[in-house]
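The structure appears below as structure tokens.
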Amino acid sequence: MITVDIQKRLGAFQLDVQFEADRETVVLFGRSGSGKSRSLAAIAGLMRPDSGTIAIGDRTVFDSWRGINVPPQQRSLGYLFQQVGLFPHMTVDQNIAYPLAGWDRTARDRRVEELKRLLRIEDLGRRYPDQISGGQQQRVALARALARPVEALLLDEPFSALDEALRADLRAELIRLRGELDVPIVCVTHDLREAHLLADRIAVVEDGHVFQFASRMEVFQHPASRRVAELTGVANIFAARGIGGTRVEIGGLPFEVPTAVPAGIDVDVALRAERCLLRRIDPTEALPANCFLAEITSELAFGSSYTLRLAPAGPGPSVEVDIASHPYDVLGIATRKQWVVELPAADLHVMQRETTLDAR
Amino acid sequence: MPERTARRTWSFTGSLESLFVSPTLLFAAFILVPLIALSVRGWQDGEVAQRLTSPFVIHALQLSIITSTLSLALALVLGVPAAYLLARSRFPGHRMLTILVELPMVLPPTVAGVALLVAFGRRGLIGATLSDLGLELAFTTAAVVLAQLFVAAPFLVRSLQAGFEAIDPTYEEVSRTLGVSEWRTFWRVTLPLAWPALLSGSVLCWTRSLSELGATIIFAGNFEGRTQTMPLAIITAFESSAGLSGAIALSLMLLAVALVLLLLTRVVSRRSRGDVS
């Protein structure tokens with residue numbers, strides 16, 4: 073268990089983050105410069121917060137009130153740096169054995185072999201870091217970070233330096249390891265898919281603050297605010313106004329939403345692009361609820377899917393729609409410009425409008 | 007090692023490089039010719055071989071090697087911490103200290119000798135007190151070591167400071183997050199990574215000590231067996247009745263020592279570079 077509640081002023085930047093990690097993977101998700109890596113450095117003891125507390129397991133390692141600040145070497149953490157940081161003057165074996173200086177030789181050798189097996193780098197023991205690939209370096213660094221018994225694992229953009237194939241490989245490795253480690257893992261990433269893949273819970277960090285800390289599903293399906301929705305890649309965020317009951321008005325049209333919104337209240341409504349539907353309805357007939365007529369203005373092909381932008385033909389909002397290549401072909405999207413767009417009521421997510429005060 | 011094979015083949019690309027060949031050859035010749043002359047004279051002059059084993063020469067050689075080794079050891083003890091601090095910490099007076107460390111490198115050694123004398127001499131600023139305590143420094147072997155230290159240590163500090171600065175501090179942070187203390191990190195990570203700089207700095211410091219003349223002759227004097235190192239012996243021999251023969255014998259010996267040192271460090275640094283890469 074890790075609990076973090078820290079504040080730190082760095083010039084004009086104010087870091088103020090709170091989160092916790094039980095025996096699970098918590099992803100600190102945000103853009104570069106949002107303060108997520110600094111939060112990790114604080115947990116490791118490499119950056120001293122101005123105020124707050126940090127606890128690892130049942131031990132408080134930082135408490136500004138009680139004057140506790142345990143040095144990094146006594147925090148028993150596995151910390152995987154973004155820059156990897158393998159010692160260039162040591163072999164792979166020596167790097168992995170480095171934290172085990174106090175162990176007797178046989179125990180140390182056995183542990184090194186065990187870790188190499190775990191991370192599938194058995195053949196690299198005698199090589200130097202610059203003689204192995206980036207993915208192998210990353211595995212060696214992970215083996216080294218896990219060599220001692222650790223109470224938590226901290227990963228700072230662990231796969232950012234790798235190409236896509238290696239990343240997929242290592243992510244799978246990490247997911248496999250997670251089951252065996254049974255310690256809290258805090259992982260920093262700016263990659264949405266990575267966050268989705270690894271996280272049990274996600275802390276969305278922006279401008280030094282946590283804007284939402286919740287389960288992965290909650291963050292992706294029910295972002296707390298427009299800001300979180302934007303950061304987590306929600307393509308459609310509509311400005312809406314309650315018109316009584318569970319109906320809101322968007323772009324001059326009434327839409328059904330899952331939650332009641334008091335009449336006259338401004339809200340934001342989020343809809344992920346892949347949840348937005350194109351329907352094959354004769355436009356001369358009366359349209360069902362939550363449907364309107366729109367025209368394709370641009371389209372981007374990503375191979376397995378297409379991203380379409382549509383502008384309303386009459387009233388209604390502009391929307392972005394992701395559609396897989398198969399339905400794209402079956403519907404014959406390429407052959408027609410005008411489509412009926414449905415914003416499915418169940419997938420519309422109503423968010424309280426952020427005032428400038430709330431937005432910090 | 008593709009780098010090595012490339013070095014063995016001819017490759018002068020472009021007219022600029024071709025243009026630079028002649029000055030380079032001239033420069034090489036300029037250094038080589040006096041050294042050859044020295045060797046040839048040593049070979050032809052029957053007296054030189056005799057002089058090589060004279061007590062006068064042996065004493066000077068012994069003294070030179072002992073004092074320069076001692077001054078290197080002292081330079082390491084004081085210089086390694088100073089270089090690390092200058093490289094890693096920022097504190098008031100940092101720039102002043104940097105300049106202070108570099109000052110002896112630009113100071114004429116004779117000036118250093120005079121300064122050392124008025125500081126540590128019998129009636130010097132500190133020397134007077136030391137003298138009252140029964141500790142005489144000037145005109146002793148200790149003075150030779152101090153003179154060499156003053157003049158040569160900055161070469162070590164400068165080289166090593168640059169070496170430490172070139173090491174990414176992340177390595178030290180990584181080490182600490184792996185549960186290793188700062189002290190151990192220094193010995194197992196920082197210093198080994200600075201090894202090339204440590205080696206080249208030590209060689210510079212040692213050879214500078216070996217060739218020290220000006221500060222030594224003023225602060226330590228010129229007493230055979232006590233303060234007369236090789237360079238002082240060369241001067242003495244040159245001015246004595248023995249004349250050039252003695253000077254040549256001593257010069258050849260010093261040249262040999264310098265060559266051996268240079269080759270040795272080349273071998274050691276190549277081996278360590280093999281380790282690192």
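Top line first, the protein sequences correspond to chains A and B. Sequential numbering from 73 applies to the first sequence in the working numbering. Sequential numbering from 7 applies to the second sequence in the working numbering. We put the CB at the ideal spot given by N, CA and C, even for glycine. Model, not experiment: these values are computed from the prediction.
When the alpha-carbon of residue 84(B) is set against those of 228(B), 158(B), 225(B) and 191(B), the nearest one is in 158(B). Residue 161(B) is positioned such that its CB atom lies no closer than 8 Å to that of residue 118(B).
At a cut-off of 8 Å between beta carbons, residue 169(B) makes no contact with chain A.
For the region 185–209 of chain B, the beta-carbon criterion of a distance under 9 Å to any beta-carbon of chain A is satisfied by 185, 186, 187, 188, 190, 191, 194, 195, 198, 199 and 201. In the DSSP secondary-structure assignment, residue 209(A) is not bridged to any residue. Under a 10 Å Cβ-count criterion, residue 68(B) is classified as exposed, with fewer than 16 other Cβ atoms of the shown protein chains found around its own Cβ. Not a single CB atom of chain B sits nearer than 8 Å to the CB of residue 248(A).
When secondary structure is reduced to three states using DSSP, residue 392(A) falls in the strand class.
Only 116, 117 and 118 from the region 115–128 of chain A bring a Cβ to less than 8 Å from some Cβ of chain B. Secondary structure note for residue 384(A): its beta strand (DSSP E) is the uninterrupted segment 377–384. With a 10 Å radius around the Cβ and a threshold of 16 neighbouring Cβ atoms, residue 356(A) comes out exposed. Restricting attention to 407(A), 101(A) and 359(A), the CA atom closest to the CA of residue 415(A) is found in 359(A). Taking the beta carbon of residue 216(A) as reference, the chain B residues within 9 Å of it are 180 and 184, listed in sequence order. Linking residue 275(B) to residue 194(A) through their CA atoms gives a straight-line distance of about 30 Å.
Here the alpha carbons of residue 269(B) and residue 151(A) stand approximately 43 Å from one another.
Chain B places a beta carbon closer than 8 Å to that of residue 170(A), counting this residue as a contact.
For residue 177(B), the nearest CB of chain A lies under 8 Å from its own CB, placing it at the interface with that chain. Note that the C-beta distance between residue 154(B) and residue 215(B) is below 8 Å. At least one CB atom of chain B sits nearer than 8 Å to the CB of residue 220(A). Pairing residue 168(B) with residue 93(B), the inter-Cα distance amounts to about 7 Å. Counting every other CB atom within 10 Å of its CB across the protein chains shown gives residue 396(A) a total below 16, marking it as exposed. Sixteen is the threshold: when 16 or more other Cβ atoms of the shown chains lie within 10 Å of the Cβ of residue 236(B), as they do, the residue is buried. For residue 342(A), the closest C-alpha among the options 424(A), 353(A) and 352(A) is that of 424(A). Under the DSSP assignment, residue 138(B) falls in the alpha helix (DSSP H) whose first and last residues are 133–138. Counting along the chain, the unbroken alpha helix (DSSP H) around residue 167(A) starts and ends at 164–169.
In the three-state reduction of the DSSP assignment, residue 175(A) falls in the coil class.
By the criterion of a C-beta distance shorter than 8 Å, residue 409(A) is surrounded in its chain by 367 and 368, once the five residues flanking it on both sides are discounted. Along the region 133–146 of chain A, the positions whose C-beta sits under 9 Å from a C-beta of chain B are 143, 144, 145 and 146, read in chain order. Here residue 344(A) carries a coil assignment [DSSP, helix/strand/coil].
The alpha-carbon of residue 96(A) is positioned some 41 Å away from that of residue 321(A).
The beta carbon of residue 206(A) sits no closer than 8 Å to any beta carbon of chain B. In the structure shown, residue 274(A) falls within a strand segment according to DSSP collapsed to helix, strand and coil.
Between residue 149(B) and residue 271(B), the C-beta gap is not smaller than 8 Å, which leaves the two residues out of contact.
Minimum Cα-Cα distance from residue 215(A) among the listed residues 249(A), 310(A), 323(A) and 138(A) corresponds to 249(A).
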